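The structure appears right after this line, and notes come after that.
In my numbering, the protein residues as written are 1 to 260.
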């Protein structure tokens with residue numbers, strides 16, 4: 001990475017699971033660098049959903065390095081997720097034809113509920129599937145898999161955790177970390193956000209800010225995908241031996257059925 005810049009630049013790993021992200025700084029110039037990020041990043045930048053893409057360079061070894069503006073700011077806190085701007089930005093993402101067109105050109109196929117369920121059943125440990133909470137969740141997913149397919153398929157972020165929302169010092173809101181994006185039912189994003197951060201009695205108001213009405217069908221679709229995402233997270237944390245995080249997801253999964 002250093003040979004892209006002069007010796008006056010400081011290159012610092014930005015952390016993350018892949019080790020492919022870096023910060024670069026020289027006096028007042030600051031950039032966020034990433035190795036082999038998707039061409040999708042250029043469209044996200046053009047749409048104003050992530051910080052501006054400054055340049056893209058291909059190295060001799062074939063790696064592609066992208067540089068974005070390094071924005072000073074802070075992650076949203078859980079209580080900030082009820083802000084009107086969060087709902088409006090998520091709606092802008094879901095309604096974006098350029099984003100959908102780019103993911104389609106990159107070979108992404110729309111996710112269907114039966115595909116999600118099949119992948120879950122294949123990935124879950126057999127022993128783990130006998131856990132009462134997990135077993136009940138799988139029964140729910142299987143019972144309603146035929147009732148939750150939606151004709152509307154949009155670009156979904158799939159990890160709308162408050163940590164992925166960046167509010168900059170100049171009051172710009174961005175949604176970052178798009179590695180898990182897919183074409184799917186918007187209920188994938190809506191459900192996890194509402195169940196995680198918004199009291200049930202405020203769902204209708206939040207969805208009005210987003211631009212749709214809360215229907216029984218939407219309730220079912222959101223719950224179905226939140227249950228499926230919870231099982232995915234439980235298995236992932238178990239594989240990583242991150243037991244405290246796994247236990248939190250199990251409790252979250254149980255809460256989905258207590259409050260229904």
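Cβ coordinates follow ideal geometry from the N, Cα and C atoms, glycine included. Since we're looking at a predicted model, the values are computed, not measured.
Boundaries (first-last residue) of the beta strand (DSSP E) holding residue 35: 29-35
Three-state secondary structure assigned by DSSP to residue 111: coil
Whole-angstrom distance between residue 12 and residue 34, CA atom to CA atom: 12 Å
Coarse secondary structure for residue 75, derived from DSSP in three states: strand
Cα-Cα separation between residue 81 and residue 201, rounded to whole angstroms: 15 Å
Among 138, 220, 104, 170, the one whose alpha carbon lies nearest that of residue 122: 138
Outcome for residue 142 when other beta-carbon atoms lying within 10 angstroms are tallied against a minimum of 16: exposed
Residue 65 versus residue 172 - alpha carbon distance: 25 Å
Given 8 Å, three or more beta-carbon pairs between the stretch 118-133 and the stretch 216-236: yes
For residue 52 and residue 69, believed in contact at Cβ under 8 Å, the rounded distance: 5 Å
Among 90, 179, 28, nearest to residue 192 - alpha-carbon criterion: 90
Minimum C-alpha distance to residue 211 - residue among 186, 199, 116: 186
Limits of the unbroken beta strand (DSSP E) element including residue 264: The question about residue 264 has no answer here: the residues shown for the chain are numbered 1 through 260.
Buried versus exposed call for residue 153 [16 or more other C-beta atoms within 10 Å across all chains shown]: buried
Contact the stretch 176-184 vs the stretch 206-222: 3+ CB pairs below 8 Å: no
Contacts around residue 115, its chain only, beta-carbon distance under 8 Å, and the 5 residues preceding and following it disregarded: none
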